[in-house]
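In our numbering, the protein residues as written are 6 to 138.
Next up, the structure:
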C-alpha cells in the first residue's frame with residue numbers, strides 16, 4: 006500500500022483552534038498538512054508584521070480589510086478577494102491600512118517547519134520568535 010493510500014482526510018474548524026500572538030495586534034492559527042501549511046492571521050488596526058523572510062513560497066488571500074505588502078522593493082495593497090504571491094526567500098513585511106480588522110489565509114509550500122528570519126536594519130538575519138505572514 007502506498008503512503009497516499011494510508012492517509013485519511015480530516016477537517017479543522019478555525020473556531021476550535023487556539024490562537025497565538027505573533028506581535029502586538031496580530032494573532033494566528035496554524036494547520037499543517039504533509040506538504041503544506043495554512044495559517045489564518047487576524048491583524049488589528051495599526052498592527053505590522055516586520056520585514057522577514059522564509060524559504061517557503063507564500064500565497065496570501067485577503068478575506069477582510071486592507072493590507073499593504075512590501076516585497077523586496079515592491080509595495081502593493083490587497084483587499085478582500087485579492088491575493089499576493091511571495092516567492093520563497095524574498096524579504097517582505099505587511100501592515101494594516103485603515104481602521105478595519107484584516108483577516109488573511111496564508112498557504113506555505115512546502116510545509117512550513119522553519120522559522121522566518123527577521124531582516125535587521127544592518128542586513129543581518131536573526132531567528133524570529135513567530136512565523137511570518
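No residue lacks a Cβ here, since even glycine has one placed at the ideal position from N, Cα and C.
8 Å Cβ cutoff met for residue 48 and residue 31: Inclusion of residue 48 and residue 31 in the CB contact set at 8 Å is warranted, their separation being smaller than that value.
Same chain, Cβ closer than 6 Å to residue 7, neighbours up to 5 away in sequence not counted: Residue confidence for residue 7 is low, a pLDDT of 47 falling below 50, so the modelled location carries little weight; the figure read from the coordinates is stated next. Excluding the 5 residues flanking it on each side, residue 7 has no same chain C-beta neighbour closer than 6 Å.
Cβ-Cβ distance between residue 59 and residue 76 below 8 Å: It is not a contact, given that the beta carbons lie outside the stated cut-off.
Same chain, Cβ closer than 6 Å to residue 34, five either side skipped, listed in chain order: Cβ neighbours of residue 34 beyond the five flanking positions: 19, 22, 24, 45.
DSSP state of residue 23 mapped onto helix, strand, coil: Residue 23 falls in the coil class under three-state DSSP.
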